[in-house]
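Heads up, the thing below is written out as structure tokens.
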Amino acid sequence: MTASATDTCSPRVLLVEDNPADARLAKEAFSEIGARVSLTVVQNGSDALATLRGEGQQEDDVAPHLVLLDINLPGRNGGDVLREIKSDDSLRRIPVVILTTSDESKDVERMYDNHANAYVTKPDSVSEYITVIDHLQSFWLSTATLPRKRRVQ
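The sequence shown lines up with residues 1 to 153 when you count with our numbering.
Structure representation (structure tokens):
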């Protein structure tokens, strides 16, 4: 039996997505599958890093259990954000799943070179998107053993 993210609290997911329709779809997908997650959505890389570093948050806030990161973001792109996360000692253990429309092999290789934990191409249909979110939630937040809860620094 593994200790999952749900053993101690509602899992926290940070979605970094600049497209409001895609962000709304992700929220609906988590709801549709009955996932009890605390979902935070930010629209750009700078806000993602600020959120991960706890800027402007309450003292008892903790880092998310999972980051879902789009590549094509305004300002700092997903690759830059991923590099910063994985080079920061206090953030590098947070699983980062790339969730993007790009299926270009160069993007896939670049994200894995920068230590992405997984790369998922957004499906075209709503039902397939819900299935993807279900699989991500099931594996990362229920099956996988993640580092213990920690405060943001």
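We put the CB at the ideal spot given by N, CA and C, even for glycine.
Express the C-alpha separation of residue j and residue i in angstroms, rounding to a whole number.
| i | j | result |
| --- | --- | --- |
| L15 | V41 | 5 Å |
| R12 | N44 | 18 Å |
| R93 | V126 | 30 Å |
| F139 | G79 | 23 Å |
| D134 | A29 | 8 Å |
| T101 | P123 | 8 Å |
| P74 | R148 | 32 Å |
Residue i and residue j look like a contact to me (Cβ under 8 Å); what is the Cβ gap, rounded to whole Å?
| i | j | result |
| --- | --- | --- |
| A83 | N114 | Correcting the residue identity first, residue 83 is Arg in this sequence and not Ala. R83 to N114, Cβ: 5 Å. Contact. |
| L141 | V67 | Between V67 and L141 the Cβ distance is about 12 Å, and since that is not below 8 Å, they are no contact. |
Taking Cβ positions, are residue i and residue j nearer each other than 8 Å?
| i | j | result |
| --- | --- | --- |
| V108 | Y119 | yes |
| D70 | D18 | yes |
| H65 | L146 | yes |
| V81 | A50 | no |
| S63 | L99 | It is Ala, not Ser, that sits at residue 63 in the sequence shown. It is not a contact, given that the beta carbons lie outside the stated cut-off. |
| Y129 | L25 | yes |
| N72 | V97 | no |
Buried or exposed for residue i, going by 16 or more other Cβ atoms inside 10 Å?
| i | result |
| --- | --- |
| P95 | buried |
| A35 | buried |
- Message: I'd like the ranges of any beta strand (DSSP E) spanning at least 3 consecutive residues and lying wholly in the stretch 31 to 89.
- Response: With a minimum length of 3 residues, the continuous beta strand (DSSP E) runs that stay inside the stretch 31 to 89 are 38 to 42 and 66 to 69.
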